[in-house]
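Trainee: Taking our numbering, the leading residue of the sequence shown gets 15, the next gets one more, and so forth. Glycine included, each C-beta is placed from N, C-alpha and C at the ideal position. Below is one structure. I have some questions about it.
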Amino acid sequence: MTLLVESETVVSSVLQKIESRTAKVGVVGLGYVGLPLALLFSNEHFAVTGFDIDTKKVITLGHGGSYILRIEPGEIQAARASGFTATTDFSHIRDMDVVLICVPTPLDNYHQPDLSFIVLTAEAIAPNLRSGQTIILESTSYPGTTEEVLVPILERGNPIGLKAARKGSSDQDSMDGEFFVVFSPEREDPGNENISRHDIPKVIGGMEENGAKIAAALYGSIFRRTVPVSTPAAAEMTKLLENIYRCVNIALVNELKKLSIRMGVDIWEVIDAAKTKPFGFQAFYPGPGLGGHCIPIDPFYLSWKAREFDFHTRFIELAGEVNVGMPYFVVDQTIEAMGLQGKALRGSRVLVLGLSYKKDIDDLRESPSLTIIELLQKRGAHVEYNDPYFPTVGRGRHYALDMTCTPLDNISDFDCVIIVTDHSSYDYPKIVECAKLVVDSRNATKGIQSPKIVRC
Ligand SMILES: NC(=O)c1ccc[n+]([C@@H]2O[C@H](COP(=O)([O-])OP(=O)(O)OC[C@H]3O[C@@H](n4cnc5c(N)ncnc54)[C@H](O)[C@@H]3O)[C@@H](O)[C@H]2O)c1
Numbered sequence: 015m016t017l018l019v020e021s022e023t024v025v026s027s028v029l030q031k032i033e034s035r036t037a038k039v040g041v042v043g044l045g046y047v048g049l050p051l052a053l054l055f056s057n058e059h060f061a062v063t064g065f066d067i068d069t070k071k072v073i074t075l076g077h078g079g080s081y082i083l084r085i086e087p088g089e090i091q092a093a094r095a096s097g098f099t100a101t102t103d104f105s106h107i108r109d110m111d112v113v114l115i116c117v118p119t120p121l122d123n124y125h126q127p128d129l130s131f132i133v134l135t136a137e138a139i140a141p142n143l144r145s146g147q148t149i150i151l152e153s154t155s156y157p158g159t160t161e162e163v164l165v166p167i168l169e170r171g172n173p174i175g176l177k178a179a180r181k182g183s184s185d186q187d188s189m190d191g192e193f194f195v196v197f198s199p200e201r202e203d204p205g206n207e208n209i210s211r212h213d214i215p216k217v218i219g220g221m222e223e224n225g226a227k228i229a230a231a232l233y234g235s236i237f238r239r240t241v242p243v244s245t246p247a248a249a250e251m252t253k254l255l256e257n258i259y260r261c262v263n264i265a266l267v268n269e270l271k272k273l274s275i276r277m278g279v280d281i282w283e284v285i286d287a288a289k290t291k292p293f294g295f296q297a298f299y300p301g302p303g304l305g306g307h308c309i310p311i312d313p314f315y316l317s318w319k320a321r322e323f324d325f326h327t328r329f330i331e332l333a334g335e336v337n338v339g340m341p342y343f344v345v346d347q348t349i350e351a352m353g354l355q356g357k358a359l360r361g362s363r364v365l366v367l368g369l370s371y372k373k374d375i376d377d378l379r380e381s382p383s384l385t386i387i388e389l390l391q392k393r394g395a396h397v398e399y400n401d402p403y404f405p406t407v408g409r410g411r412h413y414a415l416d417m418t419c420t421p422l423d424n425i426s427d428f429d430c431v432i433i434v435t436d437h438s439s440y441d442y443p444k445i446v447e448c449a450k451l452v453v454d455s456r457n458a459t460k461g462i463q464s465p466k467i468v469r470c
């Protein structure tokens, strides 16, 4: 009876702090996901501390600056005025009531999950853990990551023998000596102005009910709806289901696009017609290939894990194969279109319009534009690019371009313009008017009639 009262006291004290906005919230990883999340909590009057290993980011934030285009420096300054700080010093983890982990989860060179960022984060948190804290993983990963990877490091690495609370554990032991662990996937859609962050329900999978309760109270201060699931693995799988659903459907529509081109049917017209069906159909659009830190990567986290269960995820592999082939398809279509104009790609000047992986954002990760540029260069074309979000482009994980943005005043000098990203700021009628040939992989020239346009 006494033990039960003690555990209730720990949880109700944290819940009370959340209610009164005196709870201290730590966000580890201040990137595209972590920084906006930190600002959301700061706007809700929580004292937020951001943790990152990137000293440049921490210094920029310390000066009230921003390194993400859609986040104005004013937002950082407002957050700083209400107590937001950023640091590389993980000893401050000790002062936090709740810690949210938003670090990268890429694939390695062998297309396998690279959990090194989660591992390093866990190793940095562990020595600073204290009893009653809640640790929430937000990074996308395969089912089992929270309990099989994160928890053992946290338990092993803390010098005072703290254990993660498990179902039933708080009935037997005092909660003094335990911390709570939760997985709650991030569902941000960068660049989507149609839905407010507050309206995106937050899925929460706790290892037991006290952590889940604390996470629900904290997220409930921001998100209008929280969705509890029974385990971290269920929450991890939820995120993967969502992204695999997108990946597979995009592959389907990409394949149908290729067939439609052969059949002389306009796939975009077909999708517009199909989406008038008020049930049972959701529109997905073809494009030059997948990009971003999620859809091209996350499904393969599950494929990898599935092997442990002698299971082959055929839909994921097939979708991957179709989507990976799309940049090659765009280049083949370009070669064909130029051939019809009596030109060879080798030695020609090609302008790639748009570098980011989707329109109106400044994110280049896994963008099909990078593959397209590389393929064009390998085939002997002189390639330049224009993208208002990237004055220059240097070297990244999988590319080394070292290029500078070409202004759009001499479009007629190029043999071909390839629309890879349909940024809203482009004047498409004018581009078509000036260009000799436009290869449009996004249907950005919809409604414009011209023999110079090849939609693919
Ligand atoms: N970007 C999106 O739209 C999006 C959407 C949903 C989910 N996600 C998931 O969210 C997670 C984070 O993605 P992101 O886009 O914010 O990545 P990001 O690369 O933009 O940011 C990650 C940040 O973590 C920091 N970091 C790396 N290792 C660290 C460590 N050991 N300790 C502290 N900080 C560390 C990096 O310096 C960087 O600032 C990924 O798992 C991703 O799959 C991303």
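Does the Cβ-Cβ distance between residue 205 and residue 375 come in under 8 Å?
Mentor: Counting from 1 along the sequence shown, the entry for residue 205 is found at position 191. Counting from 1 along the sequence shown, the entry for residue 375 is found at position 361. Contact flag set, yes.
Trainee: Apart from the five residues on each side of it in sequence, which residues of its chain come closer than 8 Å, Cβ to Cβ, to residue 59?
Mentor: Sequence index remark: in the sequence shown, residue 59 carries index 45 (1-based). Closer than 8 Å at the Cβ level, and outside the excluded window around residue 59, lie 35 and 96.
Trainee: Measuring CA to CA, which of 338, 212 and 66 is closest to residue 117?
Mentor: Within the sequence shown, residue 117 is the residue found at index 103, counting from 1. When each option's Cα is compared against that of residue 117, the closest is 66.
Trainee: Checking 8 Å against the spacing of the C-beta atoms, do residue 151 and residue 107 come in under that value?
Mentor: As a first step, residue 151 must be located in the sequence shown, where it is residue number 137. As a first step, residue 107 must be located in the sequence shown, where it is residue number 93. Taking 8 Å as the Cβ cut-off, residue 151 and residue 107 do not qualify as a contacting pair.
Trainee: Tell me, which residues are paired with residue 242 by DSSP?
Mentor: Walking along the sequence shown from the start, residue 242 turns up at place 228. Per DSSP, 218.
Trainee: Could you tell me how far apart the beta carbons of residue 219 and residue 244 are, in whole angstroms, since I believe they sit closer than 8 Å?
Mentor: Along the sequence shown, read from residue 1 onward, the residue named residue 219 stands at position 205. Along the sequence shown, read from residue 1 onward, the residue named residue 244 stands at position 230. Contact flag correct, Cβ pair sits at about 7 Å.
Trainee: Determine whether the Cβ of residue 115 lies closer than 8 Å to any Cβ atom of chain B.
Mentor: The structure shown contains no chain B; it is built from a single protein chain.
Trainee: Please list the terminal residues of the continuous beta strand (DSSP E) segment that includes residue 458.
Mentor: Looking up residue 458 in the sequence shown gives position 444. Residue 458 -> no beta strand (DSSP E), and no H or E assigned at all.
Trainee: Relative to the C-alpha of residue 29, which candidate in 43, 112, 45 and 44 has its C-alpha closest?
Mentor: Looking up residue 29 in the sequence shown gives position 15. Nearest option by C-alpha distance: 112.
Trainee: Taking residue 344 and residue 455 to be in contact with their CB atoms under 8 Å, please state how far apart those CB atoms are, rounded to whole angstroms.
Mentor: Against the sequence shown, residue 344 aligns to sequence position 330. Against the sequence shown, residue 455 aligns to sequence position 441. Correct: roughly 5 Å between the Cβ atoms.
Trainee: Judging by CA-CA distance, which residue of 155, 183 and 43 is the nearest neighbour of residue 254?
Mentor: By 1-based counting over the sequence shown, the position of residue 254 is 240. The shortest C-alpha separation from residue 254 is found at 155.
Trainee: Here's the rule: buried if 16 or more other CB atoms are within 10 angstroms of the residue's CB, otherwise exposed. What is residue 323?
Mentor: In the sequence shown, residue 323 corresponds to position 309, counting from 1. Counting Cβ neighbours within 10 Å, residue 323 comes out exposed, since fewer than 16 surround it.
Trainee: Give the straight-line distance between the Cα atoms of residue 229 and residue 148, rounded to the nearest whole angstrom.
Mentor: The residue given as residue 229 occupies position 215 in the sequence shown. The residue given as residue 148 occupies position 134 in the sequence shown. Cα to Cα, the separation comes out at about 8 Å.
Trainee: Which residues bound the beta strand (DSSP E) around residue 400?
Mentor: Taking the sequence shown and counting its residues from 1, one reaches residue 400 at position 386. Its beta strand (DSSP E) spans residues 396–400.
Trainee: Report buried or exposed for residue 182, applying the criterion of at least 16 other Cβ atoms within 10 angstroms of its Cβ.
Mentor: Indexing the sequence shown from 1 puts residue 182 at position 168. So residue 182 ends up on the exposed side.
Trainee: At a cut-off of 7 Å, is residue 55 close to ligand 1 when judged by its beta-carbon and the heavy atoms of the ligand?
Mentor: Numbered from 1 along the sequence shown, position 41 holds the residue referred to as residue 55. Incorrect: residue 55 has no Cβ contact closer than 7 Å to ligand 1.
Trainee: I'd like the span of the beta strand (DSSP E) that includes residue 433, first residue to last.
Mentor: Here residue 433 refers to the residue found at position 419 when the sequence shown is read from its first residue. From DSSP, the beta strand (DSSP E) with residue 433 extends over 430–433.
Trainee: Return the chain-ordered list of same chain residues with a C-beta closer than 8 Å to the C-beta of residue 221, the five sequence neighbours on each side being excluded.
Mentor: The count along the sequence shown starts at 1 and reaches residue 221 at position 207. Excluding residues within five positions, the ones whose Cβ falls inside 8 Å are 160, 161, 165, 178, 179, 180, 181, 194, 195, 196, 245 and 246.
Trainee: Would the C-beta of residue 471 count as close to ligand 1, meaning under 7 Å from any of its heavy atoms?
Mentor: The chain is shown only over 15 to 470; residue 471 falls outside these bounds and no answer can be derived.
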